[in-house]
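Using the numbering used here, you'd call the opening residue of the sequence shown number 9 and step up by one each time.
Ideal placement from N, C-alpha and C gives every residue a C-beta, glycine not left out.
All values reported here derive from a predicted model rather than from experimental measurement.
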Amino acid sequence: MKISQILCLLCIQVIVPTMAYTQVVLHGHVLEYLGYSDKRPLAGVDIYIKDAGSTISDKYGSYSLTFRTSKKGDPVFVKRIEKINYEIFNTDAIQQWIIGSDFTIVMCSKARFKALRDSYYKVSSRSYANQYKNEKKNIEKLRKSKKITEEEYRQKIDQIRNDYQNQLENLETYVERFARIDLSEISDSEKKIVGLIHEGKIDKAIEEYEKQNY
């Protein structure tokens, strides 16, 4: 055997174990979000991660990923996590996912998530609509009693109309966030937020949400 061939074999013997040693295997589970009920394992979720390729959760919701070059503590770059008629529920956790201990992916059926989001939006938009009507009624009373001029009346009406439109636009963002509060593992602060929403106290719910610095 030529010296060059011997050196090549020696290099392979050194490199291959080193490559195998540096690979990191990450295990985890995929669960289905069911509102207040306990989550259950979800099979058939396609998970495609940069540097780890793709895998599919089994009947127990389990999955494993083998990272070829990344190491523990590195961020996980998600290319795809999907299953027909489902969407990712714990989006914030996915965005902060790092290679480490077992990681749980939570999925929610699109129909369930839409129903939850729509219910929050319905309560919230109704609250803002009532607030707008009351403010408008009070301004009209001031106008009838001649406590404000016609110009002041128009300015105030324009102001509350603009405020109302801004509230509805802002609401789209917060309703999406409220709908992702995990009701099966809800904290006391989150219970307070959900309670305020159902009471129609949307601004207070948003204020409380922002306090938690989610």
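Where does residue i fall in DSSP's three states?
| i | result |
| --- | --- |
| Leu17 | Reliability fails at Leu17, whose pLDDT of 47 lies under 50, so the model's placement of it is uncertain and the value that follows must be treated cautiously. In the structure shown, Leu17 sits in a helix (DSSP, three-state: H, G or I). |
| Lys79 | coil |
| Ile106 | strand |
| Ile23 | Confidence is the limiting factor: at Ile23 the pLDDT is only 45, short of 50, which leaves the residue's position unreliable, though a coordinate-based value still follows. In the structure shown, Ile23 sits in a helix (DSSP, three-state: H, G or I). |
| Asp54 | strand |
Under the rule that 16 or more other beta-carbon atoms within 10 Å means buried, what is residue i, buried or exposed?
| i | result |
| --- | --- |
| Lys47 | buried |
| Ala123 | exposed |
| Gly108 | exposed |
| Ala60 | buried |
| Arg188 | buried |
| Leu179 | buried |
| Ile106 | exposed |
| Asn98 | buried |
Alpha helix (DSSP H) containing residue i: first to last residue?
| i | result |
| --- | --- |
| Thr181 | 158-187 |
| Leu150 | 118-152 |
| Lys200 | 196-206 |
State the start and end residues of the unbroken beta strand (DSSP E) segment that holds residue i.
| i | result |
| --- | --- |
| Lys47 | 45-49 |
| Glu218 | Run containing Glu218: none in the beta strand (DSSP E); it sits in the alpha helix (DSSP H), 210-219. |
| Gly61 | 61-64 |
| Leu34 | 32-42 |
| Ile92 | Per DSSP, Ile92 belongs to no beta strand (DSSP E) and is neither H nor E. |
Assuming residue i and residue j are in contact, meaning their beta carbons sit under 8 Å apart, how far apart are those beta carbons, in whole angstroms?
| i | j | result |
| --- | --- | --- |
| Val33 | Ser78 | That pair is no contact at about 11 Å. |
| Gly36 | Ala51 | At roughly 14 Å, the Cβ-Cβ gap does not stay under 8 Å, so Gly36 and Ala51 are not in contact. |
CA-CA distance, residue i and residue j?
| i | j | result |
| --- | --- | --- |
| Ile205 | Asp190 | 15 Å |
| Met115 | Gln167 | 41 Å |
| Tyr1 | Lys199 | With the chain represented from 9 up to 222, any question about residue 1 goes unanswered, as that position is not in the structure. |
| Lys164 | Arg185 | 31 Å |
| Ile194 | Glu40 | 16 Å |
| Val131 | Arg76 | 48 Å |
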